[in-house]
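Asker:
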Amino acid sequence: MAVVKLQRPKLNFGEKIYFGALIKGFFLTMTHAVKSLLGKSAGAESLASSGLGVTMQFPEQRWDDHLPEYYRGAPALVTDEQGRERCVSCQLCEFICPPKAIKITPMEIPSDDPWAKVEKRPLEFDIDMTRCIYCGMCEEVCPEQAIYLRKDYLFAGFSRAEMVHDKKRLYEIGGVRVGLVNKWNELK
Amino acid sequence: MDLLQIAIIITKIIVLTFLVVLPLVPVCVYFERRFSAVIQDRVGPNRVGIPLTLLGFKKDFHFFGLIQPIADGLKLFLKEDFTPAHVRKVFYWMAPVLTVVPALITVCVVPFGSPISLFGHCEKLVIADLDIGPLFVFSVASLSIYGITLAGWSSNSKFPFIGGVRSTAQMISYEIALGLSIIPVLMYFGELNLSNIVQQQADHGWLLLPLWGHDADHTLTSKLLFWFPAAIAFLIFTISIFAETNRMPFDLPECETELVGGYHTEYSSMKFAMFFMGEYAAMVIGSAMIITLFLGGWSIGFGLDAYVAKLHIGDFYFGGFIHMGCFLTKLIGFILFFILVRWTVPRFRYDQLMKLGWVVFFEAALINVFLAALIVAAPELKTAIIGIGAVLLVVLTAAVIWVAKVSEETPKVLRA
Ligand code: SF4
Ligand code: SF4
């Protein structure tokens, strides 16, 4: 490897005694302090600040309206317009999920069911939200377009068990997706 | 000494140390967090308060997060107090105490306000009105070196050890600059009693703002002339206080990026809190010293002090409390300056720190002593002698600068 010799910058007297830089620094920090007290920090507007610095103060102010189109929140199951659960329990998402957050117990649809032709549906479908990393792999791999990452992000619980979303909860979050759901295009 | 006197002294100790200075420590911490947040465009702790919403009310009481320090303290108190197996127990336990106690002892010579009097009994607002104030502060404050050094050594692991050694070297070096830099001040006042020094400043103008109270002994010209050595002394003293209290541009004993946590790496819970407290108490005392010596202590200034001292309701002269308020305001102001410096100036390299202490401040303080002596003595000397003195001073300064320049190492070229 070629040796590159770096020359230390030659400092003049003013730079050497350092005081000018100190004063400049004080001005810089004080400007920031005054500006953030007045709620006029750079970027306060676009970040929807609370009026102090650029920070949005959480429980009162929420980022919800500012969530981008591509935001990845909690994964959830959806039903179609006829109320049929789209998931056919193929378990592809269970296999792809990097942190192994998904656990599916498949069941056969009994022959007297109107959807008997679908053959399979999940009996249990658990997503452990303490493991999920919101990567979106499940959404991408699903052949039936049954699992989507929605915009919900506020999950908290007092125990690990509370943090596992079961099938009922997943459908609650996911809701219904009507019309042609085509993942790679805009939602029609 | 009768009982009344002892009672008064104990009251003063309790009120001034435990009700004035100790509460200033959490206030410092609070300001540190809020001010740094504001500087960095953040909000800082503003939530801790009375959670009225839990009781069904509409709004919580936040008090701007002023209760945060209590929550911090409680957290530290409830944490596990872990003593690693490899430490030297006795010294390990002693070290935190040795950092807090000296800082609190020095409180006793700080004059908090002018004397108050009740029923003709006059009482100074200082715990011990010693005639060797600054010397006492230096000698006791330097004991806290032992705390940090012992903490570093007894922890028996490498990062605390390096931190301890660094702090020892740093504090001892800067003590010299600290002591030398205030000699001009003491020469000017001819006094080592802090109460009298402040009284003089109240009567004849603060050392750095000598704009009132002129008389034959304190002419405006002489005061303005002395302003220059005073300003130099102020600069050296303030920066040395930063180094002594291990505050930010000089916080090498505990710099996180190199030494994990420095000397308190192995400490947890209340023992860590005591180091924390000691550091902030030292900062409070340091600011108090700077204010007392250079910025007029409790004096309000502009000739108002005599008027305030005369305020009374019947037999009760309460001007001292107003002065105390003024002192505390100045103190908080200076603490805010400490914090501003911390979040503005990046940390020095260790060799730069040592060079600043030994090559720059030590010499500058020495020359400043001569300069101040010349200015103080000038009115009694003949013009010729003043001239000779001035020339000698210039020669001395030039010589010192030349020596410093020559002795500066040029880095060796390792490879051609
Ligand atoms: S988003 Fe990723 S981690 Fe979460 S369930 Fe889907 S595949 Fe698993
Ligand atoms: S990949 Fe889709 S269809 Fe298959 S089990 Fe997962 S959610 Fe159901």
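So the sequences go chain by chain: A and B.
Counting from 58, one number per residue, gives the positions in the first sequence under our numbering.
Counting from 368, one number per residue, gives the positions in the second sequence under our numbering.
Even for Gly, the Cβ is constructed at its ideal location relative to N, Cα and C.
This one's a predicted model, so the numbers in the text were calculated from it and none came from an experiment.
In chain order, what residues of the same chain have a beta carbon less than 8 Å from the beta carbon of Leu-576/B, not counting five sequence neighbours either side?
Answerer: Numbered from its first residue, the second sequence carries residue 576/B at position 209. These residues qualify, in order along the chain: Leu-662, Gly-663, Gly-668.
Asker: Just checking: is the beta-carbon of Val-405/B within a distance shorter than 9 Å of some beta-carbon in chain A?
Answerer: Your numbering for residue 405/B matches position 38 in the second sequence. It does; some Cβ of chain A falls within 9 Å.
Asker: Assuming Arg-614/B and Phe-728/B make a contact with CB atoms under 8 Å, what is their CB distance in whole Å?
Answerer: In the second sequence, residue 614/B corresponds to position 247, counting from 1. In the second sequence, residue 728/B corresponds to position 361, counting from 1. Rounded, the Cβ-Cβ distance is 16 Å, inconsistent with contact.
Asker: Would the stretch 111-128 of chain A and the stretch 404-422 of chain B be scored as touching if the rule is three or more Cβ pairs under 8 Å?
Answerer: With a cut-off of 8 Å, the stretch 404-422 of chain B and the stretch 111-128 of chain A count as touching, because enough Cβ pairs lie within range.
Asker: Return the bridge partner residues of Leu-602/B from the DSSP annotation.
Answerer: For the purposes of this step, residue 602/B is identified with residue 235 of the second sequence, where counting begins at 1. BP columns for Leu-602/B are empty, so no partner.
Asker: Buried or exposed: where does Asn-735/B fall if 16 or more other Cβ atoms within 10 Å of its Cβ makes it buried?
Answerer: Against the second sequence, residue 735/B aligns to sequence position 368. Under this definition Asn-735/B is a buried residue.
Asker: If I follow the unbroken alpha helix (DSSP H) through Ala-655/B, where does it start and stop?
Answerer: Counting from one through the second sequence, the residue named residue 655/B turns up at place 288. Start and end: 636-661.
Asker: Go ahead and label Lys-638/B buried or exposed: buried means 16 or more other beta carbons lie within 10 angstroms of its beta carbon, across all protein chains shown.
Answerer: Start at 1 with the first residue of the second sequence, and residue 638/B comes out as number 271. That one is buried.
Asker: In whole angstroms, give me the CA-to-CA distance for Pro-156/A and Leu-149/A.
Answerer: Position 99 of the first sequence, counting from 1, holds the residue named residue 156/A. Position 92 of the first sequence, counting from 1, holds the residue named residue 149/A. For Pro-156/A and Leu-149/A, the distance between alpha carbons rounds to 14 Å.
Asker: So which residues on chain A does Trp-665/B lean against when the C-beta distance must stay under 7 Å?
Answerer: Here residue 665/B refers to the residue found at position 298 when the second sequence is read from its first residue. Correct list: empty, because the minimum Cβ distance to chain A is about 27 Å.
Asker: Are the stretch 133-148 of chain A and the stretch 199-208 of chain A touching, with three or more C-beta to C-beta distances below 8 Å?
Answerer: Segments in contact, yes.
Asker: Taking 9 Å as the threshold (beta carbon to beta carbon), is Arg-409/B in contact with chain A?
Answerer: Against the second sequence, residue 409/B aligns to sequence position 42. Yes - at least one Cβ of chain A is within 9 Å of the one on Arg-409/B.
Asker: Given a limit of 7 Å on CB to CB distance, which residues of the stretch 693-715 of chain B reach chain A?
Answerer: The residues in question are Leu-707, Trp-710, Thr-711, Val-712.
Asker: Would you say Val-198/A touches ligand 2, meaning its beta carbon is less than 8 Å from a heavy atom?
Answerer: Locating residue 198/A in the first sequence gives position 141, counting from the first residue. Yes - ligand 2 has a heavy atom lying nearer than 8 Å to the Cβ of Val-198/A.
Asker: Leaving out the 5 sequence neighbours to the left and right, which residues in its chain are closer than 7 Å to Met-554/B when beta-carbon positions are compared?
Answerer: Here residue 554/B corresponds to residue number 187 of the second sequence, with the count starting at 1. So the list reads Ala-739, Ala-740, Val-743, once near-sequence residues are dropped.
Asker: Start and end of the beta strand (DSSP E) containing Lys-73/A?
Answerer: Here residue 73/A corresponds to residue number 16 of the first sequence, with the count starting at 1. Per DSSP, Lys-73/A belongs to no beta strand (DSSP E); it is in the alpha helix (DSSP H), 70-74.
Asker: Let me confirm a value: Cys-475/B is counted as buried when at least 16 other C-beta atoms fall within 10 Å, else exposed. Which label applies?
Answerer: Position 108 of the second sequence, counted from the start, is the residue given in the question as residue 475/B. Burial call: buried.
Asker: Kindly list the residues whose CB is nearer than 7 Å to the CB of Gly-353/B, restricted to its own chain and excluding five residues on each side of it in sequence; keep chain order.
Answerer: Because residue 353/B is not part of the residues shown, which for chain B are 368 to 783, the question remains open.
Asker: Give me the residue from Thr-384/B, Gly-416/B, Leu-433/B, Ile-512/B with the minimum Cα distance to Phe-398/B.
Answerer: Here residue 398/B refers to the residue found at position 31 when the second sequence is read from its first residue. Among Thr-384/B, Gly-416/B, Leu-433/B, Ile-512/B, the Cα nearest to that of Phe-398/B is on Leu-433/B.
Asker: Measuring only the C-alpha atoms, how far is Thr-588/B from Glu-621/B?
Answerer: Position 221 of the second sequence, counted from the first residue, corresponds to residue 588/B. Position 254 of the second sequence, counted from the first residue, corresponds to residue 621/B. So the alpha carbons of these two residues sit roughly 46 Å apart.
Asker: So Pro-469/B packs on Val-507/B, CB below 8 Å; how close in whole Å?
Answerer: Along the second sequence, read from residue 1 onward, the residue named residue 469/B stands at position 102. Along the second sequence, read from residue 1 onward, the residue named residue 507/B stands at position 140. That pair is a contact at about 5 Å.
Asker: Can you pull the DSSP bridge partners for Leu-576/B?
Answerer: Here residue 576/B refers to the residue found at position 209 of the second sequence. In DSSP, Leu-576/B forms a bridge with Trp-573/B.
Asker: Could you compute how far the alpha carbon of Ala-673/B sits from the alpha carbon of Ala-751/B?
Answerer: Start at 1 with the first residue of the second sequence, and residue 673/B comes out as number 306. Start at 1 with the first residue of the second sequence, and residue 751/B comes out as number 384. Whole-angstrom Cα-Cα distance: 40 Å.
Asker: Quick one: any contact between the stretch 371-388 of chain B and the stretch 497-517 of chain B, if contact means 3 or more CB pairs under 8 Å?
Answerer: At 8 Å Cβ cutoff, the stretches do not touch.
Asker: Would you call the CB atoms of Ser-636/B and Phe-449/B closer than 9 Å?
Answerer: One-based indexing of the second sequence puts residue 636/B at position 269. One-based indexing of the second sequence puts residue 449/B at position 82. A contact, by the Cβ cut-off of 9 Å.
Asker: Which residues in the same chain as Val-221/A place their Cβ atom closer than 6 Å to its Cβ, once the five residues preceding and following it in sequence are excluded?
Answerer: Within the first sequence, the letter at position 164 stands for residue 221/A. Correct list, in chain order: Asp-183, Asp-185.
Asker: Could you tell me whether any non-hydrogen atom of ligand 1 is closer than 8 Å to the CB of Ile-658/B?
Answerer: Counted from its first residue, the second sequence places residue 658/B at position 291. No, the Cβ of Ile-658/B stays beyond 8 Å of every heavy atom of ligand 1.
Asker: Going by beta-carbon coordinates alone, are Leu-619/B and Gly-628/B separated by less than 9 Å?
Answerer: The count along the second sequence starts at 1 and reaches residue 619/B at position 252. The count along the second sequence starts at 1 and reaches residue 628/B at position 261. Going by C-beta atoms, Leu-619/B is not nearer than 9 Å to Gly-628/B.
Asker: Where does His-123/A sit, in a helix, a strand or coil, going by DSSP?
Answerer: Position 66 of the first sequence, counted from the first residue, corresponds to residue 123/A. Looking at His-123/A - three-state DSSP - the assignment turns out to be helix.
Asker: Output yes if chain B places a C-beta closer than 9 Å to the C-beta of Gln-139/A; else output no.
Answerer: Here residue 139/A is taken as the residue at index 82 of the first sequence, counted from 1. Taking Cβ atoms only, chain B never reaches closer than 9 Å to Gln-139/A, which makes this a no.
Asker: Return the residue from the list Ser-106/A, Met-87/A, Val-233/A, Gly-130/A that minimises the CA-CA distance to Cys-192/A.
Answerer: What you label residue 192/A is simply residue 135 of the first sequence in a count that begins at 1. Closest by alpha carbon: Gly-130/A.
Asker: If you drop the 5 nearest sequence neighbours on each side, which residues of the same chain put their C-beta closer than 6 Å to that of Thr-516/B?
Answerer: Stepping through the second sequence from its first residue, residue 516/B is reached at position 149. Around Thr-516/B: Gly-531, Thr-535.
Asker: Hey, how far is the Cα of Gly-411/B from the Cα of Asp-369/B?
Answerer: By 1-based counting over the second sequence, the position of residue 411/B is 44. By 1-based counting over the second sequence, the position of residue 369/B is 2. If I take the Cα positions, the gap works out to 51 Å.
Asker: Any C-beta of chain A sitting closer than 9 Å to the C-beta of Phe-479/B?
Answerer: Locating residue 479/B in the second sequence gives position 112, counting from the first residue. Not one chain A Cβ lies under 9 Å of Phe-479/B.
Asker: Can you tell me which residues form a DSSP beta bridge with Val-233/A?
Answerer: In the first sequence, the residue the question calls residue 233/A occupies position 176. DSSP lists Thr-136/A as partners of Val-233/A.
Asker: Taking only beta carbons into account, state which residues of the stretch 110-142 of chain A come closer than 9 Å to chain B, listed in chain order.
Answerer: The stretch 110-142 of chain A vs chain B, Cβ under 9 Å: Gly-110, Val-111, Thr-112, Gln-114.
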